[in-house]
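This report concerns only the one structure given below.
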Amino acid sequence: MSAGEAARVDVWLWAVRIYKTRSAATTACRAGHVRLGGERAKAAQRVRVGDEIRVRIAGFDRILIVRQLLTKRVGAPVAATAMEDRTPAREPVPRIAVRDRGAGRPTKRERREIDRLRGRD
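Note that this note's numbering has the sequence shown beginning at 22, numbered continuously upward.
Have a look at this one:
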């Protein structure tokens, strides 16, 4: 494809291995999980080199910049060169203390560990 051409957003997301299937990429577009230039993207909307795509996966947004247009699924090394990932680093998920039901009251040592996990040093 030349620089003036464009590719469907659902096909591109599938080709660069963001989604396992093209139908999953289409479903994500219909559900509003894909944004192109800040606006909700329809599955057939065209992407060009330099466009910014935001994809919501598992509750987190991935920010991708299109570097190369692809219409066929390619290997992981080629897919990595076709996009630039500008996703900020995720904040660590806080650990939650879980005790077995019916385990009784926590010991002094367990109580201190629970407080440490909850940030109440």
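Where a beta carbon is used, it is the ideal one built from N, C-alpha and C, also for glycine.
A distance below 6 angstroms between beta-carbons, with the five flanking residues on each side excluded, links A46 to the following residues of its chain, in chain order: D31, L34, W35, Y40. If you draw a straight line from the Cα of A79 to the Cα of V70, it is about 26 angstroms long. Residue range 104-106 is occupied by the beta strand (DSSP E) that includes E105. In this structure I84 does not touch L57 by the C-beta definition: roughly 12 angstroms separates them, more than the 8 angstroms allowed.
Within the stretch 78-112, the beta strand (DSSP E) runs of at least 3 residues that lie entirely inside it are, in chain order, 81-87, 104-106.
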